[in-house]
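First up is the structure itself, then whatever we jot down about it.
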Amino acid sequence: MAHLSIGRRLRPLLSQEFISYTSIKHHNLTNIIRAISCKRDYSSTLFPTHQTSCPICATKDTLRRCACWNSTSRRSISSNSNPFYKEPTKQVNSQRLLKPTLPIQCRGLSQGHSKRQLKEAQYAQHQDFSGQPDGSLYQHHRPTNLLQKGILALGSAAMAFVDPTRSDMVATLGEVTGQKALERMRLKMLNDPEGIRVLTDRPIIDSTVLDLKLLSELPVNTFGRCYADFMISNGITPDTRDAVQFVDDAELAYVMKRYRQVHDMFHTLLGLPSISVPSELGVKWFEAVHLGLPMSMLSALAGPFSTIGKLPVSAEQRTQILQMIPWAAHNGMNARFLMNVYFEEKMEIDLDELRKELNIIPAPFVLL
């Protein structure tokens, strides 16, 4: 009877929010509110439990429908407080809303992510790098001391060596060992006008910003077309990069996020159009010299000699990797600092012209 009573009180309030009266009887209030807020917990905005008044007109009882609490107001609050809110176009089963679906292509499905990480994968690109209400430096931040960072570095390095497809381990290793490198990268960005724009705007690369289908319709040999061809041919999307967690500075955390999101563009610029082990190690050698990240250095040095684990390197691949080191190092030393490039504005430029502008020589060989 208690559930029925709540349902009767909330039914007028929720009638236009794609939650049926039946779901109110069978789910608790928290789950209903979570479903209304489009699969994210924005219940503190929609129904503030710590307040005793309507968020619009200060009517005392928040569960009663006041004069201003109409469907237009609810949509306005939802869209302003929830960046993922979409106006419903048809009736949706509330059970599906309570269990968010994942993107069809999710790199984490095959790379060791936990179920919790997979459920958050579609939101990871929209990471907020400003101070959080709970006191965190930025969204998803996990503060760690020196000892904890050391333990994480050893554990993640071992796991990444055994299974290089564990992108979460590679990401953790990069974060806990990259403080000094990130500071140098930020300094170079602050000394360049375009780099300052990137740090100021803090653009996030995902499929809403760079639509691969639209990019694939650009003229042949444009940077955007080549980037889209690389992503589509390898079955990956820009939506599945891991969220930054262990960097103890919000701006440096964004620099790390930006590096992860432009990594696939490095493949395109360098002319390494696959995600095979030799191709990835070629990019890592370039990044080790160009960016100075310890994670890239460790991968570049240890990767060619990996004979165990999930992706062992064959003798033929090892020979090819060692032969390309001078080319990758030359590009790393002489190329314009790529973290200063606003890649989102370069999509329609001819790839050869962009390489010339950035002083990059494409790979003179085809990797296995």
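Reading the sequence shown from the start, the letters are residues 359 to 726 in this note's numbering.
Don't be surprised by glycine CBs; every beta carbon is placed ideally from N, CA and C.
Three-state secondary structure assigned by DSSP to residue i
i, result
"Asp-708", "strand"
"Thr-580", "strand"
"Leu-630", "coil"
"Arg-724", "Per the sequence shown, the amino acid found at residue 724 is Val instead of Arg. Val-724 falls in the coil class under three-state DSSP."
"Lys-668", "coil"
"Glu-575", "coil"
"Ile-563", "coil"
"Pro-501", "coil"
"Asp-327", "Residue 327 lies beyond the range of the chain shown here (359 to 726); nothing can be said about it."
"Phe-487", "coil"
"Asn-592", "coil"
"Thr-558", "helix"
"Tyr-700", "coil"
"Asn-692", "helix"
"Gly-508", "helix"
"Ala-601", "coil"
"Asp-622", "helix"
"Gly-553", "helix"
"Ile-683", "helix"
"Ser-395", "Legend: pLDDT at Ser-395 = 43, less than 50; position of this residue unreliable, value from coordinates given subsequently. Note: Ser-395 maps to coil in three-state DSSP."
"Leu-570", "helix"
"Gly-640", "helix"
"Tyr-617", "helix"
"Ser-654", "helix"
"Gly-661", "helix"
"Tyr-496", "coil"
"Leu-716", "helix"
"Leu-649", "coil"
Inter-residue spacing [alpha-carbon to alpha-carbon] between residue i and residue j
i, j, result
"Leu-576", "Asp-492", "44 Å"
"Leu-540", "Met-614", "7 Å"
"Arg-713", "Pro-631", "15 Å"
"Thr-595", "Val-699", "20 Å"
"His-484", "Val-556", "16 Å"
"Asn-346", "Leu-570", "Limits of the chain in this structure are 359 at one end and 726 at the other, which puts residue 346 out of reach."
"Met-653", "Val-528", "8 Å"
"Asp-733", "Phe-701", "Here the chain covers residues 359 to 726 and nothing more, so residue 733 does not appear."
"Pro-501", "Val-724", "43 Å"
"Trp-685", "Arg-694", "15 Å"
"Pro-662", "Val-641", "13 Å"
"Met-623", "Leu-696", "10 Å"
"Ala-515", "Leu-531", "6 Å"
"Ala-518", "Leu-659", "13 Å"
"Ser-488", "Gly-553", "19 Å"
"Gly-650", "Arg-616", "15 Å"
"Ala-687", "Thr-523", "24 Å"
"Met-547", "Met-691", "16 Å"
"Asp-600", "Tyr-612", "12 Å"
"Ala-646", "Ser-525", "18 Å"
"Arg-618", "Phe-588", "16 Å"
"Gln-730", "Asp-550", "Outside the displayed span of the chain (359 to 726) sits residue 730, for which this structure offers no information."
"Gln-490", "Asn-717", "40 Å"
"Leu-505", "Arg-676", "35 Å"
"Ala-608", "Thr-598", "20 Å"
"Asn-689", "Gly-667", "30 Å"
"Gln-497", "Met-543", "22 Å"
"His-648", "Glu-715", "16 Å"
"Ile-590", "Ile-683", "27 Å"
Candidates the options, of which the one nearest residue i by Cα
i, options, result
"Leu-656", "Val-635, Arg-618, Trp-643", "Trp-643"
"Asn-503", "Arg-555, Lys-546, Phe-604", "Phe-604"
"Thr-665", "Phe-701, Val-520, Asp-607", "Val-520"
"Val-620", "Gln-675, His-688, Glu-703, Ala-608", "Glu-703"
"Leu-545", "Val-602, Arg-599, Leu-716, Leu-610", "Leu-610"
"Asp-606", "Leu-495, His-648, Ile-683, Met-705", "Leu-495"
"Gln-678", "Ala-721, Asn-717, Val-602, His-499", "Ala-721"
"Pro-561", "Gly-667, Asp-486, Ile-718", "Asp-486"
"His-499", "Ser-574, Asp-597, Val-602, Thr-598", "Val-602"
"Leu-573", "Glu-715, Ile-719, Met-705", "Met-705"
Cutoff 9 Å: residue i Cβ touching any chain D Cβ
i, result
"Glu-711", "No chain D is present in this structure, which holds just one protein chain."
*asked:* Would you call the stretch 667-676 in contact with the stretch 630-639, where contact means no fewer than 3 C-beta pairs closer than 8 Å?
replied: yes
*Is it a yes or a no for the stretch 614-627 touching the stretch 701-718, going by three-plus beta-carbon pairs under 8 Å?*
yes
_Does the contact criterion of 3 or more C-beta pairs under 8 Å hold for the stretch 526-544 versus the stretch 559-568?_
no
*asked:* Using a Cβ distance threshold of 8 Å, determine whether the stretch 508-518 contacts the stretch 580-589, with at least three qualifying pairs required.
replied: no
*Kindly provide the ranges of any alpha helix (DSSP H) runs that are 4 or more residues long and lie completely inside the stretch 511-545, ordered along the chain.*
525-535
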